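Residue numbers (our numbering): 25 to 212.
We treat Cβ as the ideally placed atom computed from N, Cα and C, and that holds for glycine.
Here the structure is a predicted model, which means the values were calculated and not measured.
Since the structure comes first, as structure tokens, the remarks are kept for the end.
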């Protein structure tokens, strides 16, 4: 009797070096290769607006830094490119490798949803679990198509949905004293 054996391929950071440099984004979560194409204009606009708002607040307070699309390497099998991160000066001081990739969890990660069920699964399931396991304190998911924003906050050692914001709301955070940003601006 023949038995069919299927092994799941576990991708690593080294494997990424073998992939072509093109308009696709390659990420690895728990050894699974995730590939996405260049996103929609409104997706990029939401990233830009949130990164700019966090960066402006960071420059005023000098508490940390906000950066769009950094490389974040937790392990050889968990190598991602979040849309936006905010990291405190303290964590950043010891958190970069020589190539300029983050090796530690930033306090805040923002992802903007791309169209499609697989993209939603990536951000709302795979990355949520990864960020929760790695100690991210807040995870914001922006849905430009539905014009809403979900804020997950660390409770009892896991990221849990704290609030869903709509265009009439302002986003604030206990991590960012005095930070406030109108959700509607993300979608204008």
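| Asked | Found |
| --- | --- |
| Reduced DSSP secondary structure (H/G/I, E/B, other) of residue 99 | strand |
| Rounded separation between residue 121 and residue 94 - CA only | 12 Å |
| Residue 112: first and last residue of the uninterrupted beta strand (DSSP E) it sits in | 108-112 |
| CB-CB length for residue 136 against residue 67, believed under 8 Å | 5 Å |
| Which residues DSSP lists as bridging residue 88, in chain order | 112 |
| For residue 18, the three-state DSSP class (helix, strand or coil) | Lying before the first or after the last residue shown, residue 18 is absent from the chain, which here runs from 25 to 212. |
| Straight-line gap, residue 92 to residue 32 (C-alpha atoms, nearest Å) | 31 Å |
| Where the beta strand (DSSP E) through residue 49 begins and ends | 49-53 |
| Sub-8 Å separation of residue 74 and residue 185 beta-carbons | no |
| Limits of the beta strand (DSSP E) - the one that residue 142 falls within | Unbroken run through residue 142 is the alpha helix (DSSP H), 141-145; no beta strand (DSSP E). |
| Span of the alpha helix (DSSP H) around residue 154 | 151-158 |
| Endpoints, beta strand (DSSP E) assigned at residue 62 | Where residue 62 is concerned, there is no enclosing beta strand (DSSP E), given that its DSSP letter is neither H nor E. |
| 7 Å CB neighbourhood of residue 43 in its chain, flanking five on each side removed | 50 |
| Among 98, 187 and 190, nearest to residue 151 - alpha-carbon criterion | 98 |
| Simplified DSSP state of residue 121, which is helix, strand or coil | coil |
| Span of the beta strand (DSSP E) around residue 177 | 172-179 |
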